[in-house]
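Chemist: Using my numbering, you'd call the opening residue of the sequence shown number 103 and step up by one each time.
Where is the CB? At the ideal position from N, CA and C, for every residue including glycine.
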Amino acid sequence: HDVDANKVDHSRVLTQGANLTINKSFDNIRLTSVSSYYNGKYDQLADSDGTPIQILEIDGHAEVDQWSQDLRISSIQAEPWAYTLGLYAAGEKHDVYNAYDFYHSWQVLDPAIAAGFTLDQRYQQERESRAIYGQLDYKLSSTLTLTSGLRYTEDENRQFNASSYQTDYDGNPLAGLIPFSFPYDPTAVQPGDDFTDREWTGTLKLSYSPEALDDLLLYGSYSRGYRSGAFNGAATLSPTELAPVDPEFVNAYEMGAKGQLINGQLQYSAALFHYSYQNQQFTKIVGIQQLLDSADRARSRGFELELDLQANAALSIHMSLALLDTEYTEGLELTAGGNNYDLTGNTLISAPEVSADIAADYRFAWRGGNVTTHLDLGYVGEQWFTAFNDKAGFDNIGQSGHTLFNGRIDYAWDNEQYTLSLWGRNLTDKEYQVYAINLSDGFGYHYTIKGVPRTFGIDFQLAF
């Protein structure tokens, strides 16, 4: 795609970390320890308006430290029962600094105009999570297995050193926004905040394998999931934006079947599901405000089908279909443009009603090696990137249904030690959006992220 911009700068991500997994067996018990540490640094200097005029530019900087420790014991013998018991702990710290430059072109065009300003935003967050969990699989009979799991989680969240202030075109502080002060008071401090969530979650599943059909598995399950509350890391204009969102819960019901047909040539998996959400969290962007919000009640239900066919020694085919019906069912009233909107009945964010794909691989011998050709066609139905859907002027903040076509040819030789590949993605050069934000109120445009255009490449792989 062509871009006409006044600022083309770098996006730099540096990550480093380590993982250690230790397994030790004692008679019928296996002890497993999984330890990890991660550090990431992120810098992105972006022309966020996508034009040669300085309307909005965002320089984002962040550093993240994370660690986790999982310690569990599990039984080695699987019948008539098997178990897993574990302890989990994790922590992370975020140190973030963002600078938002607004309307700086006005000052350049006419220095007499007192326009163009910057919002300087900073915050730190710390999170710690601890859990104890267990799962038991019990074989009730030769065909029936009961699985039960239980987890207790404690999540601590803390936000501190949050600040935001406005400067003039030259970077001189004018007013404090978080905390509020006018004129700007560099000694003003926004009090930190913290909260702790403690929740029980679990699952119950019944699996049935008929003796007459060894290749068939039928199952039904219930699970209760939980997501901790969170602080809004994008608060810039007011201390009220710092308020955390409450925890999210989901009750998930699923039933399905997995099996094989035609002597194993055809493998299939089908599932029906219904998810009932309480206090479902989402991000709301209106004007230049980015807030955390939630819906009292929401639901998602649907059907999924996957088929894998090995037609012959050379040809394999994969097909999948997903049908989805989602809705905010209660307690979703949002404000935009000074008006209140009842969004009950709207579909959930990024939830297309239909998605499907079909892929084929054909393999044959050639010049002492093997050639594999791959073609795939994927369809994604209409979806919205905002809870407003098509209301309140958000009708372009989504993407209509579209299809993408990809292909690949691999040539492997010397017992597949060497592989040369030619590939292409989005071969029809379809233009589509993967995300969009309505910035009309503050800037007069929509911020969109386009999908990758038609792209070709060559890969070489050496196995040793």
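Under a three-way DSSP split, which group does G544 fall into?
Modeler: Taking the sequence shown and counting its residues from 1, one reaches residue 544 at position 442. Correct three-state label for G544: helix.
Chemist: Buried or exposed: where does G218 fall if 16 or more other Cβ atoms within 10 Å of its Cβ makes it buried?
Modeler: Working through the sequence shown from its first residue, we reach residue 218 at position 116. Buried: at least 16 other Cβ atoms inside 10 Å.
Chemist: DSSP three-state label for L252, please.
Modeler: As a first step, residue 252 must be located in the sequence shown, where it is residue number 150. In the structure shown, L252 sits in a strand (DSSP, three-state: E or B).
Chemist: Look up L122 in the DSSP assignment and say whether it is helix, strand or coil.
Modeler: Taking the first residue of the sequence shown as position 1, residue 122 is located at position 20. L122: strand per DSSP, three-state reduction.
Chemist: Return the CA-CA distance between A372 and S422, expressed in angstroms with no decimal places.
Modeler: Locating residue 372 in the sequence shown gives position 270, where the first residue counts as 1. Locating residue 422 in the sequence shown gives position 320, where the first residue counts as 1. Their backbone Cα atoms lie some 10 Å apart in a straight line.
Chemist: Taking Cβ to Cβ, would you say G345 is nearer than 7 Å to L320?
Modeler: Here residue 345 refers to the residue found at position 243 of the sequence shown. Here residue 320 refers to the residue found at position 218 of the sequence shown. Looking at the sequence provided, one finds Ala at residue 345 rather than Gly. Not a contact, by the Cβ cut-off of 7 Å.
Chemist: Less than 6 Å between C-beta atoms, sequence neighbours within five positions excluded: which residues of the same chain meet that for M357?
Modeler: Indexing the sequence shown from 1 puts residue 357 at position 255. So the list reads G322 and L374, once near-sequence residues are dropped.
Chemist: So does Y240 have its beta carbon nearer than 6 Å to some heavy atom of the ligand NAP?
Modeler: Of ligands this structure carries none, so the ligand NAP is not represented either.
Chemist: So if DSSP puts K493 in a beta bridge, which residue, or which two residues, is it bridged to?
Modeler: On the sequence shown, residue 493 is found 391 positions in, with the first residue counted as 1. Answer is none; K493 lacks a bridge partner.
Chemist: Classify L524 as buried or exposed, calling it buried when 16 or more other Cβ atoms lie within 10 Å of its own Cβ.
Modeler: For this step, residue 524 is matched to residue 422 along the sequence shown. Its Cβ having fewer than 16 others within 10 Å, L524 is exposed.
Chemist: Check the DSSP bridge columns for S176 and list the partner residues they point to.
Modeler: As a position in the sequence shown, residue 176 is number 74, starting the count at 1. According to DSSP, which records beta bridges pairwise, S176 is partnered with R132 and T186.
Chemist: How many Å lie between Q367 and G500 at the Cα?
Modeler: Your numbering for residue 367 matches position 265 in the sequence shown. Your numbering for residue 500 matches position 398 in the sequence shown. Whole-angstrom Cα-Cα distance: 40 Å.
Chemist: Could you check whether the stretch 255-263 touches the stretch 285-301, counting it as contact only if at least three pairs of C-beta atoms, one from each stretch, sit closer than 8 Å?
Modeler: In short, these stretches touch, since the Cβ pair count reaches three.
Chemist: Measure the alpha-carbon distance for S176 versus I234 and round it to whole angstroms.
Modeler: The residue you call residue 176 lines up with position 74 of the sequence shown. The residue you call residue 234 lines up with position 132 of the sequence shown. Between S176 and I234, the C-alpha separation is close to 14 Å.
Chemist: So is G439 buried or exposed if we call it buried at 16+ other beta carbons inside 10 Å?
Modeler: Translated into the one-based positions of the sequence shown, residue 439 becomes position 337. The residue in question, G439, is exposed, as its Cβ has fewer than 16 Cβ neighbours within 10 Å.
Chemist: Keeping to the same chain, check which residues put their C-beta closer than 6 Å to that of F111; ignore five residues upstream and five downstream.
Modeler: In the sequence shown, counting from the first residue as 1, residue 111 sits at position 9. For clarity, residue 111 is Asp in the given sequence; the question names Phe instead. Hits under 6 Å: L147.
Chemist: Determine whether the beta carbon atoms of Y139 and A120 lie at a separation below 7 Å.
Modeler: Within the sequence shown, the letter at position 37 stands for residue 139. Within the sequence shown, the letter at position 18 stands for residue 120. In this structure, A120 lies closer than 7 Å to Y139 by Cβ.
Chemist: Thinking C-beta only, is G471 closer than 7 Å to W515?
Modeler: By one-based count along the sequence shown, residue 515 stands at place 413. By one-based count along the sequence shown, residue 471 stands at place 369. Yes; because the gap between Cβ atoms is below 7 Å, this pair is in contact.
Chemist: Which runs of the alpha helix (DSSP H) at least 4 residues long sit entirely within the stretch 332-414? Give them in chain order.
Modeler: If we require 4 residues or more, the stretch 332-414 turns out to have no alpha helix (DSSP H) run fully inside it.
Chemist: Could you tell me which residues DSSP puts in a beta bridge with G53?
Modeler: The chain is shown only over 103 to 566; residue 53 falls outside these bounds and no answer can be derived.
Chemist: Using 7 Å as the limit for Cβ to Cβ distance, is Y370 near chain C?
Modeler: Judged by its chain identifiers, the structure shown contains no chain C, having just a single protein chain.
Chemist: From which residue to which residue does the beta strand (DSSP E) around L450 run?
Modeler: Residue mapping note: residue 450 aligns to position 348 of the sequence shown, counting from 1. Note, L450: premise wrong, no beta strand (DSSP E); not H, not E.
Chemist: So Q227 is in the beta strand (DSSP E); what residue range does that whole segment cover?
Modeler: Taking the first residue of the sequence shown as 1, we reach residue 227 at position 125. Unbroken beta strand (DSSP E) run through Q227: F219 to K241.
Chemist: For H196, name the three-state secondary structure that DSSP assigns.
Modeler: Within the sequence shown, residue 196 is the residue found at index 94, counting from 1. In this structure, H196 counts as strand in the three-state DSSP scheme.
Chemist: Apart from the five residues just before and just after G152, which ones in its own chain have a Cβ nearer than 7 Å to its Cβ?
Modeler: Locating residue 152 in the sequence shown gives position 50, counting from the first residue. The answer, listed in chain order, is V105 and A107.
Chemist: Please list, in chain order, all residues of the same chain as N334 whose beta carbon is under 8 Å from its beta carbon, the five residues on each side excluded.
Modeler: For the purposes of this step, residue 334 is identified with residue 232 of the sequence shown, where counting begins at 1. Only E343, L344, A345, P346, V347, Q392, L393 and L394 meet the Cβ criterion.
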